[in-house]
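Each remark here refers to the structure printed beneath this line.
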Amino acid sequence: MTFMSACSGNNAGNAAPPAESNQPSAASHTSNQPKTEAVTVEEPLFTNASVHDPSIIKVRDTFYIFGSHLAAAKSKDLMAWEQLNSSVYEGNPIIPDVLTEMSEELAWAETDTFWAGDVIQLPDGKFYMYYSMCKGDSPRSVLGYAVADQVEGPYKNKGTILKSGMWNELSEDGTLYDAAVHPNVVDPNLFYDKDGILWMVYGSYSGGIFIMKMNPKTGLPFPDQGYGKRLLGNNHSRIEAPYMMYNKETDYYYLYLSYGGLDSTGGYNIRVARSKNPDGPFLDSEGKEMIDAFGAFGTLFDDASIVPYGVKLMGNFQMDNVDGEIANIGTGYTSPGHNSTYNEPDTGKMFIIFHTRFPSRGESHEIRVHQMLMNTEGWPVVAPHRYAGETAEKVKTEQIIGEYKYVNHGKDITADVKPATLLSLNKDGTISGSTSGSWKSTGAVTIDLTIDGSLYHGVLLRQWNEGTLSYVMTFSALSKEGAAVWGSHVSKE
Numbered sequence: 134m135t136f137m138s139a140c141s142g143n144n145a146g147n148a149a150p151p152a153e154s155n156q157p158s159a160a161s162h163t164s165n166q167p168k169t170e171a172v173t174v175e176e177p178l179f180t181n182a183s184v185h186d187p188s189i190i191k192v193r194d195t196f197y198i199f200g201s202h203l204a205a206a207k208s209k210d211l212m213a214w215e216q217l218n219s220s221v222y223e224g225n226p227i228i229p230d231v232l233t234e235m236s237e238e239l240a241w242a243e244t245d246t247f248w249a250g251d252v253i254q255l256p257d258g259k260f261y262m263y264y265s266m267c268k269g270d271s272p273r274s275v276l277g278y279a280v281a282d283q284v285e286g287p288y289k290n291k292g293t294i295l296k297s298g299m300w301n302e303l304s305e306d307g308t309l310y311d312a313a314v315h316p317n318v319v320d321p322n323l324f325y326d327k328d329g330i331l332w333m334v335y336g337s338y339s340g341g342i343f344i345m346k347m348n349p350k351t352g353l354p355f356p357d358q359g360y361g362k363r364l365l366g367n368n369h370s371r372i373e374a375p376y377m378m379y380n381k382e383t384d385y386y387y388l389y390l391s392y393g394g395l396d397s398t399g400g401y402n403i404r405v406a407r408s409k410n411p412d413g414p415f416l417d418s419e420g421k422e423m424i425d426a427f428g429a430f431g432t433l434f435d436d437a438s439i440v441p442y443g444v445k446l447m448g449n450f451q452m453d454n455v456d457g458e459i460a461n462i463g464t465g466y467t468s469p470g471h472n473s474t475y476n477e478p479d480t481g482k483m484f485i486i487f488h489t490r491f492p493s494r495g496e497s498h499e500i501r502v503h504q505m506l507m508n509t510e511g512w513p514v515v516a517p518h519r520y521a522g523e524t525a526e527k528v529k530t531e532q533i534i535g536e537y538k539y540v541n542h543g544k545d546i547t548a549d550v551k552p553a554t555l556l557s558l559n560k561d562g563t564i565s566g567s568t569s570g571s572w573k574s575t576g577a578v579t580i581d582l583t584i585d586g587s588l589y590h591g592v593l594l595r596q597w598n599e600g601t602l603s604y605v606m607t608f609s610a611l612s613k614e615g616a617a618v619w620g621s622h623v624s625k626e
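Here it is as C-alpha cells:
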C-alpha cells in the first residue's frame, strides 16, 4: 500500500538550485515615461529557494519558512530568499545533533529524514518546532516537538507527542490502530484562535484531518484527547497538509488543504473551507459539510468522492505568451500545494506560501508567495502572479478592458496542465473570445464575471508578470461551485 503523502516529496538532491531563478533576473531601473501596464519604475528582484511544504513564521522584520527534510529559508520581503538548510545531516544548523537526538523517532518511522513541520513562538518566548517523520509507503509516523531560544535554532528535541501505524496494537485513543480510521500523524500546524486558545490541526491521507487543543504552557496536547477531533477525510482519501487562517473581518476560520498527489503527475491542488469555529464544522462555498469529504468505504485514493468538496484555489496551469509580447517565457505551475498563510497586521495584506513544480521541469520545486484578497462573498482568492510588492488600489474601467490570458482551474484532481486561452473584457460589459459572458465592476477592486452561465466573484490587482517582464492587470475569481478562474492582461508593449 503506497501512501506518498505530501511530505514524502523529494529531498534536497532533487530540489532546484536555491540561488537561481527560473525566470530571467530583473535588474532595477528607472523610467521617465508615464507608468503603464508595460512600463514600470522598478522591476522586482527575486531569489528563489527550495523548501518543500513551507510553513511560515515572522520574527521581527524577517520571514522564515520551515519544511520537509529540515529545509529552511528566510526573507525580508517575501521575494528574495536565502536558503538556511536543505537536508537532514549531523551538524546541520537547525538541529545539529539530529541523528543522535532523534534516533528513537527516526527508528519508529523507519526513515532517515523529516516530513513537514511547523514553528510557533509560545508564551515563554521560546520557539517550538512541531516536526513529523513517516515511513512513506504506510502511515507509520511520529509527531514530536523540539525547542530553541532563537527561531533559526539550534533546536533540542523534547520527544514524541503522537504515533501512528502501530499495526494490531493499541493506538493513541485506546483502540486497535486502523489506517482507514485513525490519522497519519504528520503535517502539524499550530495556531491561536480569536479567544487565545492554542490548537494543533494535523493529518494526512489515512483517517483524515484532525484537531487537538494544546497547552501553551507545555507545548503539549491537553490529556485524554486521543487523536483529537476529525474535521474531514478517512478511507485513505488524498487530502492532507491542513493549515488554519483566521480573518477578523469575516470572522471565519479558513482551513487550507491539499488534494491529490504531490509529484509532478499527482494533480496536487490547493483548496479551502471555512467555519465560525476552529474545530468546525467546516463548509465549502456550496454549503457542503467537509466532514463528508472522504473516499467510499473499502477504497484507496477514491478521488471521485472528494472532488466535489472544498473551494479549489489553484491547480496545474500554463500561461504561454502570445505573439507580440516582449518575452517568450510564460508562467505556469504543476502540483502547487502544501501551503501556509500569513496576514500582515500593519498592511492587512494576506499571503499564501506554497511549493510548486513547473511544467517540463520534472520534480524540481521552489517556493512561491502569492497575495490573496477577499471577494465579496468572504472567500479568499489567489492572485495569478507571484507577489512582487504590489498593493491593491482602486481600478478604473479603462484599466480593466482588453484581452486576457484566461485559466479556469475547475474542480478536478488532474495531472493535466490547463493551458490559458484568450478572452476579452469589452467596454460594453460583454466577454468574448474563448468563452462568452459578461462582466461588471462591483467596487474599487472587485469584479463579477458571468462566464458560460456561471457567476464568479473576484478581485482585480495590478501585478508584475515574470513571463512578460511587465506590469499587467489581473483578475482572480471564484464561482458558487468552488472553482477558480484567473485572468492576466496581454502585454504587447
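One gets my numbering by counting positions in the sequence shown from 1 and adding 133 to each. Where is the CB? At the ideal position from N, CA and C, for every residue including glycine.
Measure the alpha-carbon distance for residue 425 versus residue 452 and round it to whole angstroms.
-> 34 angstroms
C-beta contact flag for residue 434 and residue 518 at 8 angstroms | no
Residue 536 to residue 506, Cα distance in whole Å?
-> 23 angstroms
Since residue 463 contacts residue 600 with CB under 8 angstroms, what's their CB separation in whole angstroms?
-> 5 angstroms
Compare the Cα-Cα distances from residue 320 to each of 381, 247, 281 and report the closest residue.
-> 247
List the endpoints of the continuous alpha helix (DSSP H) containing residue 241.
-> 236-242
With C-beta atoms as the reference, is residue 443 less than 8 angstroms away from residue 615?
-> yes
Own chain partners of residue 376 with C-beta closer than 7 angstroms, once the 5 adjacent residues on each side are dropped | 322, 389, 472, 473, 474
Could you tell me which uninterrupted alpha helix (DSSP H) segments, each at least 4 residues in length, are contained entirely in the stretch 223-302, listed from first to last along the chain?
-> 231-234, 236-242
Report yes if the CB atom of residue 575 is closer than 8 angstroms to the CB atom of residue 509, and no otherwise.
-> yes
Between residue 295 and residue 360, what straight-line distance do the alpha-carbon atoms span, to the nearest angstrom?
-> 8 angstroms
Taking one C-beta from the stretch 219-226 and one from the stretch 275-282 each time, how about it: are there three or more such pairs within less than 8 angstroms?
-> no
Per-residue DSSP class, three states only, for residue 531 | helix
Which residues in the same chain as residue 625 place their Cβ atom closer than 7 angstroms to its Cβ, once the five residues preceding and following it in sequence are excluded?
-> 457, 458
Coil, strand or helix - residue 345 by DSSP = strand
Residue 581: first and last residue of the uninterrupted beta strand (DSSP E) it sits in | 579-584
Residue 587, enclosing beta strand (DSSP E) - first and last residue = 587-598
Where residue 616 falls: helix, strand or coil (DSSP) | coil
Which residues share a DSSP beta bridge with residue 622?
-> 537
In terms of alpha-carbon separation, which member of 297, 232, 327, 584 lies closest to residue 289?
-> 232
Alpha carbon of residue 545 to alpha carbon of residue 440, nearest angstrom | 6 angstroms
Between residue 254 and the rest of its own chain, which residues show a CB-CB distance below 8 angstroms, the 5 nearest in sequence each way excluded?
-> 190, 192, 260, 261, 284
Since residue 459 sits in a beta bridge, which residues does DSSP pair it with?
-> In the DSSP output, where bridge partners are listed per residue, residue 459 has none listed.
Look at the Cβ atom of residue 470, then the Cβ atom of residue 541, and state whether they are nearer than 8 angstroms.
-> no
What number of angstroms, rounded off, separates the C-alpha of residue 333 from the C-alpha of residue 391?
-> 17 angstroms
Is it buried or exposed for residue 236, if we count other Cβ within 10 angstroms and need 16 for buried?
-> exposed
Could you tell me which of 355, 199, 384 sits nearest to residue 327, measuring between CA atoms?
-> 384
Are residue 317 and residue 274 closer than 8 angstroms when you measure CB to CB?
-> yes
Would you grab the beta carbon distance between residue 591 and residue 610 for me? Rounded to a whole angstrom, and I think it's under 8 angstroms.
-> 2 angstroms
DSSP bridge partner residues for residue 554 (one or two, in chain order) | 539
Below 8 angstroms between beta carbons: does that hold for residue 207 and residue 217?
-> yes
Residue 579 classed as buried or exposed, judged by whether at least 16 other C-beta atoms fall within 10 angstroms = buried
Would you tell me roughly how many angstroms separate the C-alpha atoms of residue 423 and residue 559, rounded to the nearest one?
-> 38 angstroms
Just curious, the beta strand (DSSP E) that residue 468 is in, first and last residue?
-> 464-476
Which value, in whole angstroms, describes the spacing of the CA atoms of residue 496 and residue 476?
-> 30 angstroms
Short CB-CB distance (under 8 angstroms) between residue 376 and chain D = No chain D appears in this structure, which consists of one protein chain only.
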